[in-house]
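Reading through the structure tokens given below for one structure.
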Amino acid sequence: TNAAMQLADEIFTKADTDGNGSIDLPEFLSAAASSRLDGLLRGQQLLAIFRSLDTDGSGGIDEGELYTALRDIRYPDSDR
5 TNAAMQLADE
15 IFTKADTDGN
25 GSIDLPEFLS
35 AAASSRLDGL
45 LRGQQLLAIF
55 RSLDTDGSGG
65 IDEGELYTAL
75 RDIRYPDSDR
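For the sequence shown, position 77 (counting from the first letter as 1) is numbered 81 according to this note's numbering, and the numbering increases by one without interruption.
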């Protein structure tokens, strides 16, 4: 959906600090810390979330993977 795409773009732009088109684990952990997620979740939980978002196993989360996750969470009944 359009809203999920906009949210994915906003998050991705902030988290991909080196601009290489992928959010690696250090960038993911930094984004979690800046959003205070790290206070709610433990390291292993954050690692599990990262791995579940990295659906192709590349070691990074690309914008398409982030968009798909946000779309599925926010709009689970939408057409794909």
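Backbone N, C-alpha and C fix where the C-beta goes; we use that ideal spot for every residue, glycine too.
- When secondary structure is reduced to three states using DSSP, residue 64 falls in the strand class.
- Under DSSP, residue 27 shares a beta bridge with 65.
- Nearest to residue 34 by alpha-carbon distance, out of 7, 69, 18, 70, is 18.
- Contact check for residue 11 against residue 74 passes: the beta carbons are separated by less than 8 Å.
- Going by beta carbons, residue 25 and residue 66 fall inside the 8 Å limit.
- Considering only 55, 43, 61, 70, the residue with the shortest C-alpha distance to residue 14 is 70.
- In the structure shown, the three-state DSSP call for residue 20 is coil.
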